[in-house]
Amino acid sequence: MKNYTQLINEFKKKSENDKGYIIPILQAIQNEFNYLPDELLHEITAQTTITYSELIGVASFYSQFRFTPSGKHLIKVCVGTACHVKGAMHVYDAFTRHLNLNETEDTDKEKLFTLKQVACLGCCTLAPAVQIDDITYGHVGQKDIPEIINDFLNKSITSEKNIQKHHLKNISDAEIRIGLGSCCVASGSEEVNKALEKAMDTAGINVKVKQVGCVGMCHNVPLLEIEKSGKIIASYAKVKPENIKPILLKHFASSSVFKRIVTSLQNKAEQFYYPDLQSTALKKFLDYREKHVNDFLQKQVHIATEHKGILNPLDIDEYISKEGFAALKNCVTETSREEIITTIIKSGLRGRGGAGFPTGEKWALFSKQQADEKYIICNADEGDPGAFMDRMLLESFPYRIIEGMMIAAYAGGATKGILYVRAEYQLAVLRMKTAIAEMVKKGMINSPLFNSQFIFNLEIFEGAGAFICGEETALIASMEGKRGMPHIRPPYPVQHGLNGKPTLVNNVETFASVPWIIRNGSTIYANIGTTFSKGTKVFALAGKIARGGLIEVPMGITIKEIVEDIGGGISGGKVFKAVQIGGPSGGCIPASLSETTIDYQSLTEAGAMMGSGGLVVLDESDCVIDIAKYFLNFTQAQSCGKCVYCRVGTKYMLSLLNKLSSGKAKMEDLQELEKISLQVKKGSLCGLGKSAPNPVLTTLKYFRDEYEAHISGICPAKKCKDLIQYEISTICIGCTKCAQNCPAEAIDFAPYEKHFIKQELCIKCDICLQVCPTGAVSKQNIKHD
Amino acid sequence: MIELTINNKQVRVEENTTILNAAEILGIKIPTLCFMKCFSASSSCMVCVVFEKNSGKIVPACSALCIEGMNIETENDELHLLRKNAVQLLLSEHNGDCIAPCQNACPAHINIPLMNRLISDEQFSTAKSFLSEIKNDVCSTCNLQCEKVCRRKNIDEPVAIKKLIEFLRNTNEKSTSENAVLNSVKSNLKFNSSYGRMRENEKSEYLKEAENKYARMFPADTTNGYSKEEAVQEALRCMHCDCRKNDACDLRIMADQFQAKQRTFVIENRQNITKIFHAPLLVLEPQKCIKCGVCIQITNSSKDFSFSFREKSFQVQIELFHKEEISDSLISLAKKCIEHCPTGAISAIK
Ligand SMILES: Cc1cc2nc3c(=O)[nH]c(=O)nc-3n(C[C@H](O)[C@H](O)[C@H](O)COP(=O)(O)O)c2cc1C
Ligand code: SF4
Ligand code: SF4
Ligand code: SF4
Ligand code: SF4
Ligand code: SF4
Ligand code: FES
Ligand code: FES
Ligand code: FES
């Protein structure tokens, strides 16, 4: 057992105010024990000025903390938007059954696994996704669960450290790049990386292998690119470890071996192909010149994600060689603070955290504040359940974000920066920590920068898991060791922020856009986009789309272009229904309005919101009431609980939606839902409550007929469990597969005869439909029109 | 100095003045519920919302600061509806009875729970005074309405209210003609919170303040009814269903003012009623809390006795942590909480 007095004292030393380290100290305890033992909470109370009540108040507010011991391993089932539309709840239920958990339990009898729902693991293109401790599994089907658990128990846990250690000497002018963003890792790029190392060892090939951040083509991961003499000569998508050897030999081995491989790959063109030869669908090779690869990339403009897929995230020299810190240097050594701010104002950059406040104006207000201490906070608490842009930026471009922060700090006259990152983003936290350490080594942080008077200090604060802490006043409250409850603005953080001092809060993407703007000038930036929305926006494109991923598009692009050109349309031959944009604060824009352009104004006019940048594509099999309910469930659970319209009003809205989805609602309930939604928007204190009704209001506006269908007991998309049942049609070949897999033993079967579902036993888990080889199982509305 | 307009009247105020304070300078009254003078505003109830015409925004006056050029309107239909609905939403998560069901059902509206408490305290003459203004034959005609709805019925048998009243009538104690108790409980408030059926796991909460050794006292003397001892025993079975602050509760006052109904918004899964006794200091009934946070502010630096919110969202609940020792300073802290809690969530046990 550790000496906790010592631990507490360590924290005490760090901050003059006890309250300031409540969250870090709880995190330290939670990390050690996986829960917060009561004795330790009392210990803290005894040794500090913090009261027990405060500890409980804070700890119970954040989802990271628990008061009861957890199992040895943590299973996180992603129920983020992208995973939700791909059946995450079915997966969650299947885990519950597998672990034999009843409604109130989250840990199995052997205390081996604790099951938890999380919103967005950040690999939406692999939805539904599940993470067990550090290992992520993508495309999880219910029937895969036993296999996954076995696989997990057999696997040794790999950590970032051993990914990092391998840097082979570059013996030629070639380079192999492998993406190690979260999506990539989740889809097995670490295994590919290991296979690569092993293959090079055995074949005696020594080529520089470079780990790069997110490539953006998350639908093609793991992605391997081979560069020779500065040119990409080949890109391999969806690489598996067993593909590595042939690939390596093809490009780097002796000529005799090379020939052999070439013959075997004769019919494949060189540039870009899927090596998964088993699957005919994937055999089709992709070429950068070919239309859809081209489309995916061509409509994009890379500013915040400049050099994506090329930069090693942590290689500071490489960053510098690609004009990194040039903007910062220019600002600190040659530009006045006013000029910097003028450039940002002229560029038209607006905050990318959701509200879209003009960044330059905020900086100008900030620089005017007089105080002995001023803070810069980078808001990386990205909590939208279907978005992972900020995480990708943090993982892939740590230096760029820091550069943006430092420019802001310099221009605003601040010297202390804090990066507020969601604790769930472990890889991002690790990379940022390393990046900071590198910059300290280089004398850029904690030392006079470029021989100027400017000394910048940067710390990381890990958020403890509360969506509302993305709201800036709540974020500040949580840093002060309080429950993350927002307060009314004014006073704005710029005037009265952290510890009562002027504080500039900007989003990750906002900061990441700054260096480019400074280097290229405000005019070039302002030429991109529309009259009131300038530049680019990064989106996490996911859902029922052929090609998902992280995209950066110019403002003014239409939804249609994103869905059809970049995303390649709907996957699986279904019909495009709507896009959900802006996450829980945003709304659903129907396919009929897909000419809507992406800019602050037109999205707001359509009832949605730019929001943080989640963009989930829905097809005909998605029920809008299910989607509205999904988001409202999320915001309702994430409400801080302070003001009555948000705390109780959203709960009431949810009651009405539940009535609808179970077919118990009446026509009056629709009016009621609309009325209360509008009131919640008006009567809530902060942005969460004010925007929570948006998903409901937009679906009501654009899909009223679907709401009305539910009143008459029909779910057109056949999604709402209470209204549908599973049926087996006559094309059943009697293979017994469904019956074997049915967890409820609800399927009556005689081999080679048509099977039959006993409705009273069926729990509507969807497994039979998924396993049936002939498509004989279907969902039907119980009521017919 | 900042200049702004409220209801078409100009006013000049210092910086950092709230709209509520600015309105007060003009003599304009804005209703408030969660806001209390001398405490920092939590802005949770939204009863004080006002309309800012220039921006089209609706803001809570208790914490929104005056900004140069604001044009505030404090009364309009939309605001009235928002205020009323704010109260109705609060009521939809509010679980408790303002007036005990027995009293509510009684055609003469006798304050039965108080009468029972007085009997159990052997204050027979005061208890008897309750009956002085009531016609003798009320009980003989009403067919036991009170006992039909008595919450004790859910546990075993209703309290023998009629027998207790008969006992008071028969007893030779004189009723105190002029009495403070009687007057103090005469309240003009009409709103009555009522939470519906008692749940299984709420029974033990209610029994915390009642005798539970026997189901119902049967008088040994069947013709003359209860003896004093028997009456006391029976009265002790009463569970104090009425709210301890029903004469002074701000939520009830607001509900009356806005003619709010409790069941406008029906929400799934109401929370269970709990009654937490920290004798002799106070009783906490979290399901009556409106989340104003005043008690937290009052006790925020005390390590021995402090309130905090637990959880968030709809689950948020007020909780009390305390050590067993009771000191004078704790007594005064507790008193302060009882005094300032706007509802019956925190009240004195007696
Ligand atoms: C409920 C809610 C959640 C928010 N979440 C985030 C977030 O995750 N990241 C973020 O940068 N801003 C978030 N914001 C917006 C912040 O309050 C703030 O406006 C933003 O960080 C300012 O930076 P910007 O001007 O660069 O956008 C959120 C706001 C609300 C109301
Ligand atoms: S709107 Fe919701 S999240 Fe915001 S302060 Fe009110 S209760 Fe809290
Ligand atoms: S019959 Fe029902 S319970 Fe069984 S697999 Fe099919 S959906 Fe699941
Ligand atoms: S707290 Fe107020 S509203 Fe609630 S029961 Fe008591 S008197 Fe009635
Ligand atoms: S228990 Fe007492 S207060 Fe409650 S209803 Fe019965 S007599 Fe009235
Ligand atoms: S218990 Fe009373 S004082 Fe405390 S928060 Fe609730 S209503 Fe306010
Ligand atoms: S990984 Fe599941 S929604 Fe993003
Ligand atoms: S995370 Fe690997 S390409 Fe996006
Ligand atoms: S009195 Fe202003 S919000 Fe309650």
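In the order they appear, the protein sequences are chains A and B. Position in the first sequence counted from 1, then plus 486, gives you the numbering used here. Position in the second sequence counted from 1, then plus 16, gives you the numbering used here. Built from N, CA and C at the ideal position, the CB exists for glycine as well. On a predicted model such as this, the values are computed, not experimentally measured, just so you know.
- Residue-level contact check: L98 of chain B touches chain A, since one or more beta carbons of chain A fall below 7 Å from its beta carbon.
- When the beta-carbon positions are compared, F1120 of chain A and P844 of chain A stay at least 7 Å from each other.
- Annotation: the continuous beta strand (DSSP E) that includes A866 of chain A extends over Y861 to A866.
- Residue-level contact check: R185 of chain B does not touch chain A, since none of the beta carbons of chain A fall below 7 Å from its beta carbon.
- For the stretch 49–74 of chain B, the set of positions with a beta-carbon nearer than 8 Å to some beta-carbon of chain A reads S58, S59, S60, C61, M62, V65 and I74 in chain order.
- Within 7 Å of the CB of S539 of chain A, the CB atoms of chain B belong to S322, F323, S324 and F337, in sequence order along the chain.
- Those residues that have a beta carbon less than 5 Å away from any non-hydrogen atom of ligand 4 are, in order along the chain, B:G112, B:C114, B:S209, B:C259, B:N262, B:C265, B:L267, B:R268, B:K304, B:T359 and B:G360.
- In this structure, the alpha-carbon of D876 of chain A lies about 13 Å from that of R917 of chain A.
- Beta-bridge partners of H559 of chain A (DSSP): A:F599.
- The bridge partners DSSP lists for F1117 of chain A come to none.
- Neighbours of A80 of chain B in chain A, taken as residues at a C-beta separation under 8 Å, are given in chain order as I974.
- Taking 6 Å as the cut-off, one finds no heavy atom of ligand 9 near enough to the beta carbon of L107 of chain B.
- In this structure, the beta-carbon distance from E957 of chain A to G1173 of chain A falls below 7 Å.
- One Cα belongs to F274 of chain B, the other to C64 of chain B, and the distance between them is close to 13 Å.
- When rounded, the separation of the alpha-carbon atoms in A1230 of chain A and R583 of chain A is 10 Å.
- The three-state reading of DSSP puts I802 of chain A in helix, counting H, G and I together.
- A direct Cα-to-Cα measurement between S964 of chain A and I509 of chain A gives close to 8 Å.
- The contact set of Y1193 of chain A on chain B, defined by CB atoms closer than 7 Å, is empty, because the minimum CB distance reaches about 19 Å.
- CA-to-CA, the gap between V544 of chain A and R268 of chain B works out to about 31 Å.
- Judged by DSSP in its simplified three-state form, T1185 of chain A adopts helix.
- As the crow flies, the alpha-carbon of L134 of chain B is around 7 Å from that of T142 of chain B.
- Here DSSP, grouped into helix, strand and coil, assigns F581 of chain A to helix.
- Relative to the Cα of T821 of chain A, the nearest Cα in the group A:K794, A:N517 and A:G1007 belongs to A:G1007.
- Across the structure, L607 of chain A and K562 of chain A are spaced so that their CA atoms are roughly 9 Å apart.
- Against chain B, a Cβ distance below 9 Å from A1123 of chain A picks out K328, S329, F330 and Q331.
- The DSSP-derived three-state label of H294 of chain B is strand.
- Counting along the chain, the unbroken alpha helix (DSSP H) around K1176 of chain A starts and ends at G1173 to S1177.
- Within the stretch 100–116 of chain B, contact with chain A at the beta-carbon level (separation under 8 Å) is assigned to N101, A102, L105, L106, S108 and E109.
- Taking the Cα of T33 of chain B as reference, the smallest distance to any Cα among B:L20, B:I365, B:V175 and B:M52 is reached at B:L20.
- Here G573 of chain A has P614 and D1252 as same chain residues with Cβ atoms under 7 Å from its own Cβ, once five neighbours each way along the sequence are excluded.
- An exposed status is given to Q1157 of chain A, since fewer than 16 other beta-carbon atoms sit within 10 Å of its beta-carbon.
- From the beta-carbon of K307 of chain B, the residues of chain A found nearer than 9 Å are G1127, K1128, C1129, V1130 and R1133.
- In the structure shown, E661 of chain A falls within a strand segment according to DSSP collapsed to helix, strand and coil.
- DSSP places T622 of chain A in the uninterrupted beta strand (DSSP E) bounded by I621 to Y623.
- If you ignore the 5 residues before and after T1044 of chain A, its C-beta comes within less than 6 Å of the C-beta of E1081 and T1083, all in its own chain and listed in chain order.
- Non-local C-beta neighbours of E910 of chain A in its own chain, meaning closer than 6 Å and more than five positions away in sequence, are absent.
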